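Just add 1 to wherever you are in the first sequence, counting from 1, and you've got my numbering.
Don't be surprised by glycine CBs; every beta carbon is placed ideally from N, CA and C.
Predicted, not measured: the structure shown is a model, and the values here were computed from it.
As structure tokens, the structure follows; a few thoughts come after it.
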Amino acid sequence: MSEEKSHNFIEEIIENDLKEGKYKSIVTRFPPEPNGYLHIGHATSIWLNFGVAKKYGGYTNLRFDDTNPATEETEYVESIKEDVKWLGYEWKNEHFASDYFEQLYEFAVRLIKKGLAYVDDSTSEEIAAMKGTPTEPGKDSPFRGRSIEENLRLFEEMRAGKYPDGARVLRAKVDMASHNMIMRDPVLYRIKHAHHHRTGDQWCIYPMYDMAHPPSDSIEEVTHSLCTMEFIPHRELYDWLLENIESFPSHQYEFARRNLSYTVMSKRKLLQLVQDGYVESWDDPRMPTISGMRRRGYTPEAIRDFCERIGVAKRDNLVDVGLLEFCVREHLNKVALRRMVVFDPLKVVLTNYTGAVEMLEGEENPEDENSGSREIPFGRELYIEREDFMENPPKKFFRLFPGGMVRLKHAYIIRCDEAVKDENGNITELHCTYIPESKSGSDTSGINVKGTLHWVEVTNAITAEVRLYDRLFKVEDPSNEEGDFKDYVNTESLQTLSAAYAEPSLKNARLNERYQFLRKGYFTLDNKDTYSRLVFNRTVTLKDAWAKEQKKG
RNA sequence: UGAGCUAUGGUGUAACGGUAGCACUACAGAUUUUGGUUCUGUCUGUCAAGGUUCGAAUCCUUGUAGCUCAACCA
2 MSEEKSHNFI EEIIENDLKE GKYKSIVTRF PPEPNGYLHI GHATSIWLNF
52 GVAKKYGGYT NLRFDDTNPA TEETEYVESI KEDVKWLGYE WKNEHFASDY
102 FEQLYEFAVR LIKKGLAYVD DSTSEEIAAM KGTPTEPGKD SPFRGRSIEE
152 NLRLFEEMRA GKYPDGARVL RAKVDMASHN MIMRDPVLYR IKHAHHHRTG
202 DQWCIYPMYD MAHPPSDSIE EVTHSLCTME FIPHRELYDW LLENIESFPS
252 HQYEFARRNL SYTVMSKRKL LQLVQDGYVE SWDDPRMPTI SGMRRRGYTP
302 EAIRDFCERI GVAKRDNLVD VGLLEFCVRE HLNKVALRRM VVFDPLKVVL
352 TNYTGAVEML EGEENPEDEN SGSREIPFGR ELYIEREDFM ENPPKKFFRL
402 FPGGMVRLKH AYIIRCDEAV KDENGNITEL HCTYIPESKS GSDTSGINVK
452 GTLHWVEVTN AITAEVRLYD RLFKVEDPSN EEGDFKDYVN TESLQTLSAA
502 YAEPSLKNAR LNERYQFLRK GYFTLDNKDT YSRLVFNRTV TLKDAWAKEQ
552 KKG
């Protein structure tokens with residue numbers, strides 16, 4: 002293992018800081034706002050924050066940025082915690098920005114006392130108008146010159162509930178002519194008579210992101226505060242604030258958020274998909290949410306591997322969802338139990354098979370010698386996949402056709418003698434001959450066949466519902482197309498088969514167990530346990546070289 | 001068009017002035033009782049133009065393109 006592993010730019014910064022003795026150990030934090038579900042984009046941030054802290058012997062806090070009571074709920078807190086844990090990460094401390102409200106208030110008072118913050122009576126429209134534009138400087142608010150005493154009194158009164166929502170705000174006094182719009186006297190506190198999910202009705206003023214986030218990092222002595230690129234302009238204010246409240250100097254570093262092809266990532270857009278009924282819920286298996294991917298059967302190992310492979314940098318990106326699927330397949334191939342399930346049945350009658358049903362043996366997982374085996378009943382009547390038979394096969398068709406031979410997996414070689422049809426010419430069943438000497442494991446027939454089919458014995462078959470998922474969108478980057486992103490939803494992204502025929506061992510299918518349905522894909526039991534029947538979600542298909550061959554024409 | 005950030009194969013990411021590498025994809029082949037897996041090989045790249053240097057993806061200059069910033073959201 003002498004192979005040199007390259008570092009991403011965050012790791013370089015940290016190693017440098019450690020080498021220069023800037024910090025003895027490092028602290029990071031993952032700071033979700035509890036107003037929605039986590040998605041694969043958050044997974045990168047989680048992987049980064051927890052990953053670097055662990056790598057360099059530090060730790061990571063989970064901190065909920067709950068400064069906006071209007072949108073935040075405890076329900077989200079719980080789902081976020083569950084998702085982070087499921088991904089395999091452990092936080093050192095669990096915090097809420099709302100735990101710091103008293104301290105944040107004191108910090109604000111400190112700013113006022115230094116003449117660095119003032120109460121502004123302007124309306125939000127007036128403040129916006131005075132802000133200027135990126136090309137023109139802003140104008141000072143008429144309230145900018147208030148005395149420290151008056152500001153102190155007014156801010157206290159704001160807290161005491163003397164004013165209605167929107168009547169006044171507390172603003173930082175920085176620079177109305179700054180090129181950086183964030184520095185043009187940003188709002189620090191607003192009045193909101195709203196019930197908070199944790200502090201109840203204790204407060205009627207709430208800090209803005211810029212007042213809450215940097216001091217929260219500082220209180221926790223976070224050394225490396227990692228966020229996405231759109232916060233770059235906030236860094237100047239971040240530093241200004243921590244310097245002026247004279248608190249621990251945390252530092253902010255920005256990385257580019259990851260985008261995934263054939264999906265959307267913003268909470269707003271995901272919410273629309275749920276509300277407008279394009280998907281059934283936040284944890285619909287087609288959603289790029291952590292809970293959706295979990296329900297679909299993706300594994301934490303695969304998701305972590307994916308994050309590792311795409312890495313982190315600062316440029317715009319659109320990661321190919323094919324890489325995620327590769328990571329999922331790679332892991333599932335190692336752990337999934339093999340089973341046989343026929344989706345679209347065609348009956349096969351073995352005309353020379355006269356015995357009773359016999360039990361055959363099939364390995365649980367060929368990739369794992371210790372996985373053991375399962376029993377599979379075999380008999381005179383079987384189901385095979387309708388698409389595995391063709392009357393007039395094209396070249397390179399290795400499956401069944403009149404006069405052709407195939408191996409039935411774990412069983413015998415059969416030859417197709419006749420396709421039986423109804424009066425309309427539809428094939429109703431196949432009459433075949435099996436080769437008794439060709440039994441799997443003790444084949445003395447000397448026959449070599451190209452194709453191997455999966456199958457299920459008719460009398461022992463059980464039925465299961467199978468849900469096949471495809472990409473949620475028809476285009477790579479729906480957010481970048483003309484018009485509404487919802488116009489590009491793939492309306493055929495879910496196909497439900499209500500009664501597939503499965504081998505009987507699947508009767509004992511367990512939640513969280515992964516299965517490979519031979520030649521079909523990876524599947525797992527749906528985690529909504531409200532069903533009295535078996536419902537399997539397709540996690541991802543197998544690679545299909547034959548489909549590719551056919552496409553070539 | 002003020003300011004900021006970013007530009008390396010189809011995609012993602014390395015190379016820290018010294019042979020442009022890795023992974024995915026694609027393609028070709030071998031193996032295979034899953035047209036899966038595994039294995040082998042092949043194609044494709046430094047945004048542009050100048051400059052500095054023995055030597056530039058890397059440093060400098062000037063362009064070009066994409067993204068971000070004017071919420072009492074985070």
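Checklist entry - If you drop the 5 nearest sequence neighbours on each side, which residues of the same chain put their C-beta closer than 8 Å to that of I493? => result In the first sequence, residue 493 corresponds to position 492, counting from 1. According to the sequence as given, residue 493 is Glu; it is not Ile. The answer, listed in chain order, is D471.
Checklist entry - Does the beta-carbon of T445 have 16 or more other beta-carbons within 10 angstroms, so that it is buried, or is it exposed? => result The residue you call residue 445 lines up with position 444 of the first sequence. By the neighbour-count rule (16 or more Cβ atoms within 10 Å), T445 is not buried but exposed.
Checklist entry - Alpha carbon to alpha carbon, what distance is there between A462 and Y532? => result The residue given as residue 532 occupies position 531 in the first sequence. The residue given as residue 462 occupies position 461 in the first sequence. Computed Cα separation, rounded: 19 Å.
Checklist entry - In angstroms, rounded to a whole number, what distance separates the CA positions of W456 and L39? => result The residue labelled residue 456 in the question sits at position 455 within the first sequence. The residue labelled residue 39 in the question sits at position 38 within the first sequence. Between W456 and L39, the C-alpha separation is close to 40 Å.
Next on the checklist: Measuring CB atoms only, is the region 184-204 touching the region 214-231, in the sense that at least three cross pairs come out at less than 8 Å?
Outcome noted: no
Next on the checklist: Could you check whether the region 102-115 touches the region 244-253, counting it as contact only if at least three pairs of C-beta atoms, one from each stretch, sit closer than 8 Å?
Outcome noted: yes
Checklist entry - If you drop the 5 nearest sequence neighbours on each side, which residues of the same chain put their C-beta closer than 7 Å to that of V476? => result Along the first sequence, one-based indexing puts residue 476 at 475. Closer than 7 Å at the Cβ level, and outside the excluded window around V476, lie E482 and Y489.
Checklist entry - Just how far apart, CA to CA, sit V275 and M288? => result If you number the first sequence from 1, residue 275 lands on position 274. If you number the first sequence from 1, residue 288 lands on position 287. So the alpha carbons of these two residues sit roughly 9 Å apart.
Next on the checklist: Could you check whether the region 340-347 touches the region 372-392, counting it as contact only if at least three pairs of C-beta atoms, one from each stretch, sit closer than 8 Å?
Outcome noted: yes
Checklist entry - Using CA coordinates, which residue listed in I291, N371 and E419 is at the minimum distance from V85? => result Position 84 of the first sequence, counting from 1, holds the residue named residue 85. Taking only the C-alpha atoms, the option nearest V85 is I291.
Checklist entry - Nearest to K544 by alpha carbon, out of L401, K440, F327 and K23? => result Taking the first residue of the first sequence as position 1, residue 544 is located at position 543. With distances taken between Cα atoms, K544 lies closest to F327.
Item to check | DSSP state of W456 mapped onto helix, strand, coil | outcome: Reading the first sequence from its first residue, position 455 is the one you call residue 456. In the structure shown, W456 sits in a strand (DSSP, three-state: E or B).
Item to check | Residues bridged to T61 [DSSP beta-bridge criterion] | outcome: Looking up residue 61 in the first sequence gives position 60. Paired residue(s): T29.
Next on the checklist: Restricting to Cα atoms, I'd like to know which of Q203, H43, W48 and Y57 is closest to K25.
Outcome noted: Numbered from 1 along the first sequence, position 24 holds the residue referred to as residue 25. Per the Cα distances, Y57.
Next on the checklist: With a threshold of 8 Å, are at least 3 pairs of Cβ atoms found where one atom belongs to the region 82-97 and the other to the region 141-159?
Outcome noted: no
Checklist entry - Among G116, A168 and G162, which one has its Cα closest to the Cα of S125? => result Mapped onto the first sequence, residue 125 falls at position 124. Comparing Cα-Cα distances from S125 to each of G116, A168 and G162, the minimum goes to A168.
Item to check | Per-residue DSSP class, three states only, for Y489 | outcome: Translated into positions along the first sequence, residue 489 becomes position 488. DSSP places Y489 in helix when its eight states are reduced to three.
Checklist entry - On the three-state DSSP scale, how would you describe H235? => result Your numbering for residue 235 matches position 234 in the first sequence. If DSSP states are grouped into helix, strand and coil, H235 belongs with the helices.
Checklist entry - Which residues does DSSP pair with I206 in a beta bridge? => result One-based indexing of the first sequence puts residue 206 at position 205. Beta-bridge pairing links I206 to I192.
Checklist entry - According to the neighbour-count rule (16 or more other Cβ atoms, all chains shown, within 10 Å of its Cβ), is F51 buried or exposed? => result One-based indexing of the first sequence puts residue 51 at position 50. Per the 10 Å Cβ criterion, buried.
Next on the checklist: Assuming the contact rule is C-beta atoms closer than 8 Å, L88 and I304 should be a hit. Round their C-beta distance to whole Å, please.
Outcome noted: If you number the first sequence from 1, residue 88 lands on position 87. If you number the first sequence from 1, residue 304 lands on position 303. Sure, about 6 Å apart at Cβ, within 8 Å.
Item to check | Nearest neighbour of G162, chosen from N181, C205, D423 and L189 [CA to CA] | outcome: For the purposes of this step, residue 162 is identified with residue 161 of the first sequence, where counting begins at 1. When only C-alpha atoms are compared, the closest one is C205.
Item to check | Other residues of its chain near I15: CB distance less than 7 Å, five sequence neighbours each side excluded | outcome: Within the first sequence, residue 15 is the residue found at index 14, counting from 1. I27, V53, Y57 and H225.
Item to check | Under the three-state DSSP convention, the category F524 falls into | outcome: Position 523 of the first sequence holds residue 524. Here F524 sits in strand by DSSP.
Checklist entry - When burial is assigned at 16 or more other CB atoms within 10 Å of the CB, is R534 buried or exposed? => result Stepping through the first sequence from its first residue, residue 534 is reached at position 533. When all chains shown are included, R534 counts as exposed.
Checklist entry - Near D218, what residues of its chain come up, given a Cβ to Cβ distance below 7 Å and the 5 sequence neighbours on each side ignored? => result Residue numbering aside, residue 218 sits at position 217 when the first sequence is read from its first letter. Excluding positions up to five away in sequence, the list reads R30, S226 and S251.
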